[in-house]
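Visitor: Structure incoming, see below.
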Amino acid sequence: MAKLGVGLVLAVATLGVAACQTSGQGGGTAGAGLQATALPPGMTAAQGAAYCSTLAQTYGEYVGTFGGYLGGDSRGGAGADLDARVAIANCQDGNYAAGIPVLQQKLRDARVTVPPPPPAG
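Using this note's numbering, the first residue of the sequence shown is number 3, and each one after it goes up by one.
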């Protein structure tokens, strides 16, 4: 009986370690920094990163806070909605093609002037 208890404890511990080794919730790579960079047409990686950062800062200043864990200010103001948080996380993961259009639309929806994209270079 004692061997069964030890075996059960080891099995549960093994499952717990395996669960902790996945990349993010659900085993995906979002938020783990493992995605390949996805760029909007005509933008370099540096331009995409800078523009995403500008959009996120503008969103945080005029629309909603997105918390310190995403690089924003977690003090005061209404919280960002889920789509904006995902867009900001996409930007942080280098998936600028997914993050930029969502943040642009969120700013438009809030009637905030969307910063212009960087000139093609």
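Each residue gets a CB set at the ideal place from its N, CA and C atoms; glycine is no exception. Note that the structure is a prediction, hence the values are computed from the model and not measured.
Output the distance between the C-alpha atoms of residue 95 and residue 55, rounded to the nearest integer angstrom.
Guide: Computed Cα separation, rounded: 12 Å.
Visitor: Which value, in whole angstroms, describes the spacing of the CA atoms of residue 116 and residue 45?
Guide: Their backbone Cα atoms lie some 17 Å apart in a straight line.
Visitor: Helix or strand or just coil, what does DSSP make of residue 40?
Guide: Strand at residue 40.
Visitor: Is residue 109 buried or exposed, if buried means 16 or more other CB atoms sit within 10 Å of its CB?
Guide: With 16 or more Cβ atoms within 10 Å of its Cβ, residue 109 is classed as buried.
Visitor: Between residue 112 and residue 40, which are expected to be in contact by the criterion C-beta below 8 Å, what is the C-beta distance as a whole number of angstroms?
Guide: The pair is not a contact, with the Cβ atoms about 25 Å apart (cut-off 8 Å).
Visitor: Hey, would you say residue 102 sits closer than 8 Å to residue 42, going by beta carbons?
Guide: In this structure, residue 42 lies closer than 8 Å to residue 102 by Cβ.
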